[in-house]
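Some notes on the structure that comes next.
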Amino acid sequence: MVNSVASTFSSSPQLGQGPLLVLPIHDDYNKQCDLYTHAGSKISPKIIDTNMCGNNSESSRCVGSSKGWMILHHSNDQNCDSSLSLFSPSCGVTKKIVLPSFNRPSGFANSWITKSIVTSSPVISGHEFGVAFMYGMCDYQVALLSMHGTRDDENKWIELKSNSRGENYCDVISHQECLFGLLTSGFVVVWDLRSTQDGSSVCKKMEIKTSYIEPVVEFGDKLRDLYTGRFYLVESQGNMLLVFRVVGEFVRGDGEVVNEGALLDDEEYSHLVLPYKTKNFYVYKLDYGLKKWEKIDSLEDQILFVGLNESMSFSTLSNQGNSIYFTDDNWDHINIPEHESYGGHDMGIFNLSDKNVKEIFEVRRMVPPPVWIDLDIAAL
Numbered sequence: 001m002v003n004s005v006a007s008t009f010s011s012s013p014q015l016g017q018g019p020l021l022v023l024p025i026h027d028d029y030n031k032q033c034d035l036y037t038h039a040g041s042k043i044s045p046k047i048i049d050t051n052m053c054g055n056n057s058e059s060s061r062c063v064g065s066s067k068g069w070m071i072l073h074h075s076n077d078q079n080c081d082s083s084l085s086l087f088s089p090s091c092g093v094t095k096k097i098v099l100p101s102f103n104r105p106s107g108f109a110n111s112w113i114t115k116s117i118v119t120s121s122p123v124i125s126g127h128e129f130g131v132a133f134m135y136g137m138c139d140y141q142v143a144l145l146s147m148h149g150t151r152d153d154e155n156k157w158i159e160l161k162s163n164s165r166g167e168n169y170c171d172v173i174s175h176q177e178c179l180f181g182l183l184t185s186g187f188v189v190v191w192d193l194r195s196t197q198d199g200s201s202v203c204k205k206m207e208i209k210t211s212y213i214e215p216v217v218e219f220g221d222k223l224r225d226l227y228t229g230r231f232y233l234v235e236s237q238g239n240m241l242l243v244f245r246v247v248g249e250f251v252r253g254d255g256e257v258v259n260e261g262a263l264l265d266d267e268e269y270s271h272l273v274l275p276y277k278t279k280n281f282y283v284y285k286l287d288y289g290l291k292k293w294e295k296i297d298s299l300e301d302q303i304l305f306v307g308l309n310e311s312m313s314f315s316t317l318s319n320q321g322n323s324i325y326f327t328d329d330n331w332d333h334i335n336i337p338e339h340e341s342y343g344g345h346d347m348g349i350f351n352l353s354d355k356n357v358k359e360i361f362e363v364r365r366m367v368p369p370p371v372w373i374d375l376d377i378a379a380l
């Protein structure tokens with residue numbers, strides 16, 4: 001059973017133009033974005049209108065990118081309805097598919113969807129395609145929409161229960177007609193997307209119960225006091241990778257991570273608002289036989305892209321390999337109204353060889369946050 005899942009993985013695509021960075025334009029009068037290469041060079045005249053699928057009574061924001069598509073969440077404060085829209089900006093042509101509306105759970109804010117991916121491309125599969133999204137406030141669950149027709153009553157949202165312990169999801173990816181969900185314990189649940197033909201249910205193919213992850217133990221109390229951790233699931237060259245991102249909660253200009261209490265007591269810094277910043281990454285490869293996450297020190301020629309996007313891996317023949325390109329997906333901070341001086345800023349390139357972070361853009365606040373998108377795989 002485990003081998004059947006492992007064998008579905010293929011080698012990573014070559015990095016040609018590679019994923020592009022969708023960057024919001026700082027203009028209060030529009031909701032447009034520019035496209036940049038992963039190296040930070042602007043692509044002109046590529047401009048994306050992020051409000052194209054909404055209307056004046058709705059607020060819209062990007063909640064993910066996947067398989068060449070951007071996923072927008074539209075919410076209406078007047079009637080508490082929400083909807084998702086998909087569109088592809090590939091080749092300057094925008095194709096949009098407005099998904100069925102759904103009511104958000106009682107008590108949730110407009111920002112209750114934290115990440116969304118496409119499980120199969122709408123262009124390739126016609127009316128039959130799928131969308132999965134993570135939702136919640138800190139405790140994240142996953143729901144799946146399997147589209148089988150043009151009428152709303154033909155398409156149902158299915159809540160995917162993680163396991164009997166009710167664990168929270170950290171990330172989701174789709175590959176070869178399966179949906180892979182990473183849980184807070186490091187376990188991986190695998191859902192068979194081919195079992196959603198009637199639109200009413202989806203079968204769990206397996207649950208890979210792995211051993212505990214080292215960094216969580218290594219950091220101990222420091223992880224709670226000075227750092228927060230984020231986890232990503234990535235398919236790379238036939239392997240399943242777990243990426244652990246370490247974020248300093250309060251980081252001074254010299255890069256030192258400080259305690260909030262100590263910061264308030266220090267007259268030199270008490271008047272400053274210090275933002276969070278990514279400080280480190282750890283990467284693990286899943287040993288299917290031992291059901292264990294094994295730490296690896298090098299990605300060799302691979303480049304990983306993580307953030308709001310469905311996590312991706314690419315091969316490169318240049319000296320850019322062994323790196324992780326990341327954008328800000330820290331919604332717990334971005335969504336706080338009081339944090340008007342920062343948010344969306346935490347993006348850069350982490351090199352596994354020297355453990356250094358290189359900034360792509362030096363910004364203080366960028367909301368909505370940037371997102372990676374791979375237009376090379378978008379089918380028109």
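Residue numbers (UniProt numbering): 1 to 380.
A virtual CB, placed ideally from N, CA and C, is assigned to each residue, including glycine.
Of all alpha-carbon atoms in R364, D328, G343 and M366, the one lying nearest the alpha-carbon of G64 is that of D328. With a cutoff of 8 Å on beta-carbon distance, C178 and L193 are scored as near each other. Secondary structure note for H73: its beta strand (DSSP E) is the uninterrupted segment W69 to S75. K209 is a Cβ neighbour of K291, given a cutoff of 8 Å. For D332, the secondary structure class from DSSP, reduced to helix, strand or coil, is helix. The Cβ neighbour count for F361, taken over all protein chains shown within 10 Å, is under 16; the residue is labelled exposed. Within the region 217-261, complete beta strand (DSSP E) segments of at least 3 residues are found at 227-236 and 239-248, given in chain order. Around the C-beta of Q302, 16 or more other C-beta atoms lie within 10 Å, and the residue is accordingly described as buried. Within the model, the alpha-carbon separation for L21 versus I71 is close to 15 Å. Around the beta carbon of D346, 16 or more other beta carbons sit within 10 angstroms, so the residue counts as buried.
Where V190 is concerned, the enclosing beta strand (DSSP E) starts and stops at V188 to D192.
Counting the other Cβ atoms within 10 Å of the Cβ of G166 gives fewer than 16, which makes it exposed.
For D376, the secondary structure class from DSSP, reduced to helix, strand or coil, is helix. Rounded to the nearest angstrom, the gap between the Cα atoms of R252 and N335 is 22 Å.
In this model, G255 and L160 are separated by some 40 Å (Cα to Cα).
Around the CB of S298, fewer than 16 other CB atoms lie within 10 Å, so the residue is classed as exposed.
Rounded to whole angstroms, the gap between the alpha carbons of F129 and E294 is 34 Å. Contact between G348 and V367 does not hold, since the beta-carbon distance rounds to 17 Å and is not under 8 Å. V202 and I158 do touch by the CB rule: their CB atoms are close to 6 Å apart, below 8 Å. Counting only residues of its own chain and dropping the five nearest sequence neighbours on each side, I113 has a CB closer than 6 Å to the CB of V63, H73, F133 and Y135. Under the three-state reduction of DSSP output, P24 falls in the strand class. Straight through space, the alpha carbons of V131 and L84 are spaced by roughly 9 Å.
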